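Undergrad:
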Amino acid sequence: MADPVILAVPKGRILEEVQPLLERAGIRPEAAFFDEGSRALQFKTDRPDIELIRVRAFDVATFVAHGAAQLGIVGSDVLMEFDYSELYAPVDLGIGHCRISVAEPKDMAAGDDPREWSHVRVATKYPHITARHFEARGVQAECVKLNGAMEIAPVLGLAGRIVDLVSSGKTLKENGLVEVEVIAQVSARLIVNRAAFKTRADTLGPLVAAFRAAAEELRDAA
């Protein structure tokens, strides 16, 4: 029997949206998969040919790009940041909607015009997306790489502005920040390792089709 297909799924807020998608695609994980208190990283499903791993969002792309997992679910923000040539992203799953935005302190924004910027110092976990965005506008960007707690960077003087994921905007508001530019809209994508898609087309092809159908069903039901 061939090794099971490994599907990498991100931890965190998206798990709740992933559950109906997996069910509609015919994959039912063991109960512990949806328990965020569980320290387990690998999980069985009701299909012996499919197993799941639950890892950090940025790591999903790495596991799939290097072939340790054959499929993954990841935000388009991660694909934009890493731009792995080994990845194929055939399906927009229509979940995990948010945006990558530039934000700054409310007091600064009151008299600020982004069109007049020539140099910015930005705290972000997206240095490549940030640099490309500002370079395209002719703005020199100094990126300070952080993995979290972006919102406190302006308060402590680490950087005047941040680039981060925004959903409701509540976290920004609670930290005295406001959005001043939207860089890109984000949604979750199904990604596939290109080499695996060629060598295991008989297995991965139907799975991709199942996820595409599941995403369309969820859109129609919304």
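With positions in the sequence shown counted from 1, the corresponding number in our numbering is that position plus 835. Just so it is clear, CB atoms sit at the ideal spot from N, CA and C, and this is done for glycine as well. No experiment lies behind these values; they were computed from the predicted model shown.
#1: Could you tell me whether the Cβ atoms of Tyr961 and Val990 are closer together than 7 angstroms?
#2: Considering Thr959, what are the terminal residues of the alpha helix (DSSP H) in which it resides?
#3: I want to know whether the segment 1014 to 1034 touches the segment 868 to 886 - three or more CB-CB distances under 8 angstroms.
#4: What span of residues does the beta strand (DSSP E) with Gly907 cover, start to end?
#5: How would you label Asp912, buried or exposed, when you count the other beta carbons within 10 angstroms and need 16 or more for buried?
#6: Are the CB atoms of Ala1045 and Ala860 nearer to each other than 7 angstroms?
#7: Rank Thr959, Ala892 and Lys1008 by C-alpha distance to the C-alpha of Ala976 and give the top, closest one.
#8: Helix, strand or coil for Pro839? Go by DSSP, reduced to three states.
#9: Skipping 5 residues on each side, what residues in its chain have a beta carbon closer than 7 angstroms to that of Gly1004?
#10: Can you tell me whether DSSP reads Val899 as helix, strand or coil?
#11: Using 7 angstroms as the threshold, is the C-beta distance between Val1021 and Arg934 below it?
#12: Would you check if the distance between the CB atom of Gln877 and the CB atom of Ile888 is smaller than 7 angstroms?
#13: Quick check: the Cα distance between Ala873 and Ala945, rounded to an integer number of angstroms?
#14: Grab me the residues of Ala1023's own chain with a C-beta within less than 7 angstroms of its C-beta, minus the 5 sequence neighbours each way, in chain order.
#15: Taking its Cβ as the centre, do 16 or more other Cβ atoms sit within 10 Å of Pro864, making it buried, or is it exposed?
#16: Within 10 Å of its beta-carbon, does Pro845 have 16 or more other beta-carbons around it, so buried, or fewer, so exposed?
#17: Using a Cβ-Cβ cutoff of less than 7 angstroms, which residues in the same chain neighbour Ser953 once the five nearest sequence positions on both sides are dropped?
#18: To the nearest angstrom, how far is it from the Cα of Glu939 to the Cα of Leu1007?
TA: Looking at the atomic coordinates:
#1: Going by C-beta atoms, Tyr961 is not nearer than 7 angstroms to Val990.
#2: Here Thr959 belongs to no alpha helix (DSSP H); instead the beta strand (DSSP E) covers His954 to Thr959.
#3: No, the segment 1014 to 1034 does not touch the segment 868 to 886.
#4: Leu906 to Gly910 is the span of the beta strand (DSSP E), which, as asked, contains Gly907.
#5: Counting the other CB atoms within 10 Å of its CB gives Asp912 a total of 16 or more, which places it among the buried residues.
#6: The answer is yes: Cβ separation under 7 angstroms.
#7: Nearest neighbour of Ala976 by Cα position, chosen from Thr959, Ala892 and Lys1008, turns out to be Thr959.
#8: Pro839 falls in the coil class under three-state DSSP.
#9: The answer, listed in chain order, is Glu1014.
#10: Residue state, collapsed to three classes: helix.
#11: Cβ atoms of Val1021 and Arg934: closer than 7 angstroms.
#12: Yes; because the gap between Cβ atoms is below 7 angstroms, this pair is in contact.
#13: In the sequence as displayed, the identity of residue 873 is Ser instead of Ala. Roughly 45 angstroms separates the two Cα atoms.
#14: In chain order, Ile849, Ile908, Val909, Gly910, Leu928, Ile930 and Gly931 place their CB closer than 7 angstroms to the CB of Ala1023, counting only its own chain and leaving out the 5 sequence neighbours on each side.
#15: Buried, by the Cβ-count rule.
#16: Using a 10 angstroms sphere on the CB of Pro845, the tally of other CB atoms reaches 16 or more, which defines it as buried.
#17: The residues are Val974 and Gln975.
#18: Taking the straight line from one Cα to the other gives about 9 angstroms.
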